[in-house]
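Numbering (the UniProt record's numbering), first residue to last: 1 to 505.
Here it is in structure tokens:
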């Protein structure tokens, strides 16, 4: 092969402008920056599906490409949710809706709920043991779905567009599924929680997370910018009058879930709970969740669904100044339960719940302080209710995949999250030894010639133009003697395989 150094930089008339080209060092730096950005956006390994782990509280995604929602919310809809890893490895080029964390859910990827045209590439076949191309496995019958899976959120049923909406949304702690009259951990606009109208000019809800951690969200949420079940964004419109200040509470239970569990109304305004936030809408639109197979549409409550939605955002800001807890809209006078509960603790002589205000017949949502779990009555009458809702007794764990650590010396980052160099080295190490040596020899030969070709550009500070590259490889393709020499060298030349060790190999 002729010496590549004979190829000289093209004259200025044939070169592309420096503004439209970049040096090799600039190109490498740009690729490393892009890989760093990708790792920041996708910090977790995505090479393992969570379905073998069973039902978990985990981050979920709904694939609208595999399961497109019906045009009408009244039409049946076969929903499906996939885990974080499958959303990238199996549905990476599909239209996805991020649902954030939901409890007691098993990944639907590669099951009877997703089309066979999109198999799970991460699980292994139960019989053959071969990995990938898994389809038709039985989906978990007890998975629960709501209209979030169709891309709709809140009692208003709006589609969430993070690029257009402004404001804050809050996720309901969730005390009931749609079938039980609850909301299924839906996301809510503040106005919809109170039954007020929302502005349609630009929307009122694009979100950014709030600083204090929500018990239903773990460190995974913090890495992704999700904390406290709240999403909000710069230049948020003010919260509606009578809505609690964001730093006054840690959780929210929407009025649908409160109605499904009326016994919890007694706690509104007592220790650990803010005063009730009433629903004032007299003509609030009824939002029907798409009827899912096996669900009874009559179980849907006549009240709007409550929910809140989070958005990945690394900037965590302090919330606005506190408002008075007792601010209420002047259109109605709520039942006064804020003074109902004494400071006595549960389990002292008399059952705690007997000293709370009687259950009110008003419709309202309840906002909870960080220590709310410590103030539930646990008498023989109350504990069975709490036992059915274990997340009211203790803080939940949310599953998160292992953090990608491809830059560590052990080289154990996930295949999908490694850099191009790491993946190339991994592929080379798995190759047949003879073929690997031939490949390395060919690579080294090309590298040496490229170095000779690029040296004049480096010395002169000129950018390498497209015509220079074309001319160089045209010379390579036409140099039969050089090709024969390269083949001879690959067959027997060189001492050792000349492979330079990389970190972790």
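Every residue, glycine too, gets a C-beta built ideally from N, C-alpha and C. Treat the numbers as computed from the prediction; the structure is a model and nothing was measured.
Check	Outcome
Euclidean distance between Cα positions of residue 381 and residue 261	14 Å
Residue 152 - partner residues in DSSP beta bridges	159
Boundaries of the beta strand (DSSP E) in which residue 185 is found, first to last residue	That residue, residue 185, is in no beta strand (DSSP E); it is neither H nor E in DSSP.
Coil, strand or helix - residue 77 by DSSP	coil
Status (buried if at least 16 other CB within 10 Å, exposed otherwise) for residue 274	buried
Under 8 Å between C-beta atoms of residue 249 and residue 367	yes
Buried versus exposed call for residue 184 [16 or more other C-beta atoms within 10 Å across all chains shown]	buried
Residues near residue 173 in its chain [Cβ-Cβ closer than 6 Å; skip 5 each side]	251 and 253
The stretch 134 to 153 touching the stretch 96 to 106, judged by at least three CB pairs closer than 8 Å	yes
Heavy atom of the ligand MG within 7 Å of residue 187 beta-carbon	Among the ligands in the structure shown, none appear at all, so the ligand MG cannot be discussed.
Nearest neighbour of residue 127, chosen from 118, 137 and 119 [CA to CA]	137
Cα-Cα separation between residue 146 and residue 51, rounded to whole angstroms	20 Å
Distance CB(residue 581)-CB(residue 272) smaller than 8 Å	The requested residue 581 does not occur in the structure, where the chain is confined to residues 1 to 505.
Cβ-based burial, residue 507 [other Cβ within 10 Å; buried from 16]	What is shown of the chain runs 1 to 505, which leaves residue 507 out entirely.
Neighbour-count burial assignment, residue 69, 16 or more Cβ in a 10 Å radius	buried
Exposed unless 16 or more other CB atoms sit within 10 angstroms - verdict on residue 224	For residue 224, the predicted model reports a pLDDT of 43, less than 50, meaning its position is unreliable; a value from the coordinates is still stated below. With 16 or more Cβ atoms within 10 Å of its Cβ, residue 224 is classed as buried.
Three-way DSSP call (helix, strand, coil) for residue 464 in this model	coil
DSSP state of residue 31 mapped onto helix, strand, coil	helix
Cross-strand partners of residue 194 (DSSP beta bridge)	Looking at the DSSP assignment, residue 194 forms no beta bridge with any residue, so it has no partner.
Classification of residue 473 by the beta-carbon crowding that lies within 10 angstroms, buried from 16 upward	exposed
Reduced DSSP secondary structure (H/G/I, E/B, other) of residue 111	strand
Outcome for residue 158 when other beta-carbon atoms lying within 10 angstroms are tallied against a minimum of 16	buried
Opposing strand residues paired with residue 131 [DSSP bridges]	124
Per-residue DSSP class, three states only, for residue 58	strand
Residue from 399, 161, 112 and 187 whose Cα sits closest to the Cα of residue 170	187
Beta-carbon spacing of residue 195, residue 259 below 8 Å	no
Pair within 8 Å by beta-carbon distance, residue 357 and residue 266	yes
Cβ separation of residue 90 and residue 122, assumed to be a contact under 8 Å, to the nearest whole Å	7 Å
Rounded Cβ spacing between residue 150 and residue 114 (contact assumed at less than 8 Å)	With 8 Å as the limit, residue 150 and residue 114 do not qualify as a contact, their Cβ atoms being about 15 Å apart.
One or two residues paired with residue 368 in a DSSP bridge	251 and 273
C-alpha distance - residue 110 paired with residue 29, whole-angstrom precision	38 Å
C-alpha distance - residue 377 paired with residue 365, whole-angstrom precision	20 Å
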